[in-house]
Amino acid sequence: GNHDVYFDGWQHYMRVFGSSTYYFVVNTPNASDVYICLDSSGGTLGSLQLHWFRTFLESSRKNYRHCIVFTHNNLLRFRPTLSTNPYVEEVQVLLDLFLRHRVDFVITGHDHIRDSAIFGNTTHITMDALLDMNPHAGYLELYVREDEMQYSFEKL
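Numbering (the working numbering), first residue to last: 49 to 204.
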């Protein structure tokens, strides 16, 4: 997220993970699901990453049963906020890609207050801040089944 780009956090992140944009596949005996991680720490995906994402969806999405996207900056705002707002034009492009390529979930955290909404065929989830003394700190459990996905917020 945006906190990783300050105070040498970016160098540490890159040393540990090697890239901030990647995907991984979870294979089961019955299907394969794709999980895509996008870097929106600067408030935008930018043209190169957006091109990569669009190309991946157009060429590879059909190979997977479910598609889950993780990124830091939430696209939908459920409350008034002064935090970084994404570019409207980029949000329009992403929402269209999610709809056309059946993205099941978009999981974010930038606003630090848990919320969820369904827009088109995509469930958008914003996670709480994972901080000591936060009464709502927790994690998300995804339940992936043949024809559906469900989730629950688990308190720490």
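Ideal placement from N, C-alpha and C gives every residue a C-beta, glycine not left out. Predicted model, so just to flag it, every value in this text is computed and none were measured.
Short of 8 Å from the beta carbon of valine 73, and not among the five residues preceding or following it, lie these beta carbons of its own chain, in chain order: Ser80, Asp81, Val82, Tyr83, Tyr112. By the criterion of at least three beta-carbon pairs nearer than 8 Å, the region 170-185 is in contact with the region 140-153. Given a length threshold of 3 residues, each whole run of the beta strand (DSSP E) inside the region 132-161 is given here in chain order: 153-156. It is roughly 11 Å from the alpha-carbon of glycine 157 to the alpha-carbon of leucine 124. Check the Cα spacing between leucine 179 and each of Thr119, Leu204, Tyr199: the tightest is with Leu204.
Within the DSSP bridge table, the entry for threonine 170 names Phe167 as partners. Beta-bridge pairing by DSSP links glutamate 189 to Ser200. Serine 80: member of the beta strand (DSSP E) spanning 80-85, first to last residue. Under the criterion of beta carbons closer than 8 Å, methionine 197 and phenylalanine 153 qualify as touching, at roughly 7 Å.
Assignment of asparagine 111 by DSSP, reduced to helix, strand and coil, places it in the helix class.
Apart from sequence neighbours up to five positions away, the residues of its chain that approach tyrosine 187 with a beta-carbon distance below 6 Å are Glu202, ordered along the chain.
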